[in-house]
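Heads up: the structure comes next, in structure tokens.
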Amino acid sequence: MKGRVHSIETYGTVDGPGVRFVVFFQGCPLQCKYCHNRDTWDVFGGELVKSRDIINHFKKYLSFYLNSGGGLTASGGEPTLQPEFLRTLFAETKRLGANTALDTTGHVDIANAEIFLDVTDLVLLDIKIMDREKHKDLTGVSNERIINFSKYLEKIGKPIWIRHVVIPGITDSQDDIYGMANFIKEMDNVEKVELLPYNKFGVEKWKALGSEYPLEGIKPPSRELLKDIAGDYQSLGIEITIG
Ligand code: SF4
């Protein structure tokens, strides 16, 4: 089985428990204005790689992953655009006794979800913003499919970590925080909620592709703003960490 892969990281520490082998899949259905992996968008880009080669690479450091309670994370781009390839990697990872985590936009076709969810231990769900129109403006797509997938994960009791990127002036209004907090509170499968500061790491990739960076004038949030927002979440009964 072959799949389109953007890149691989062998020592990830934030995308799931323990130490992670992170496979960045090629192709994304969103076009986030702040995308730090702009070069993952093209579904025909990246490199065609055999799942067997990826697993052999993973096995070289297997003891690190196993000893730390870690494993393999599929990230992107959007891994679920290649559901069979995703399943193959996760099934092999589990056969080796390691943990599997799916880092997803949530823009998932539920009809495909059963292909890979039974071999997925944890879903890292990057929810951008709850307001439908703002979501469309920020990412190019409605969040309807994302919300439906989130509800589906709750229905089947799949553990999730929710990550919310704070972009000053775009995803940090009181309405945005309340909307997100209320949504999270309704779900009983959320193990962790993380605030991530917007960063400009991807700007050079936009320029290299000849595209204008859409959030040019926006600065990353201050530590104080992140702490204030974390306080808002906590006052609404949600434990939250700052990434
Ligand atoms: S979901 Fe991730 S990879 Fe896709 S456009 Fe948004 S930031 Fe970029």
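For the sequence shown, my numbering gives the first residue as 1152, with consecutive numbering after it. Note that the Cβ used here is the ideal one computed from N, Cα and C, for glycine as well.
Option in the options with minimal Cα separation from residue i
i     : options                       : result
S1293 : F1215, L1237, H1258 and E1265 : H1258
D1339 : I1313, I1328 and E1363        : I1313
G1227 : A1249, R1203, C1183 and D1269 : C1183
G1361 : F1175, I1321 and R1189        : R1189
P1310 : K1287, L1247 and E1342        : E1342
I1391 : K1351, P1371 and I1328        : I1328
I1298 : I1280, G1308 and V1270        : I1280
T1271 : D1260, E1284 and T1239        : T1239
M1331 : L1247, D1282, Y1185 and I1205 : D1282
E1284 : T1322, K1306 and D1269        : T1322
D1326 : V1156, S1214, I1266 and D1383 : D1383
E1295 : K1306, G1308, E1305 and D1260 : D1260
T1161 : G1197, G1222 and R1374        : G1222
S1202 : H1286, V1156 and T1191        : V1156
Proximity of residue i and residue j at Cβ, strictly below 9 angstroms
i     : j     : result
P1168 : L1273 : yes
P1319 : Y1364 : no
L1377 : I1393 : yes
P1230 : D1254 : yes
G1220 : V1194 : no
H1315 : E1337 : no
V1317 : I1380 : yes
A1262 : A1225 : no
Y1303 : A1264 : yes
H1187 : K1356 : yes
S1301 : F1334 : yes
L1268 : L1247 : no
E1243 : I1266 : no
K1351 : P1372 : no
G1368 : Y1185 : no
Residue i CB to nearest heavy atom of ligand 1 below 8 angstroms
i     : result
E1229 : yes
W1100 : Residue 1100 is absent from the model: the chain starts at 1152 and stops at 1394.
W1357 : no
H1315 : no
L1240 : no
N1188 : yes
T1271 : no
T1224 : no
D1277 : yes
L1253 : no
Y1364 : no
Y1185 : yes
L1181 : yes
T1392 : no
T1164 : no
T1256 : yes
Within-9 angstroms CB hit, residue i to chain D
i     : result
K1306 : You won't find chain D in this structure, because it holds only one protein chain.
8 angstroms contact criterion, which residue i and residue j should meet: CB distance rounded
i     : j     : result
V1200 : G1163 : Not confirmed; about 18 angstroms, so no contact.
M1152 : F1236 : 6 angstroms
F1175 : S1158 : 5 angstroms
G1291 : L1366 : No, G1291 and L1366 are not in contact; Cβ-Cβ is about 14 angstroms, not under 8 angstroms.
V1170 : F1215 : 5 angstroms
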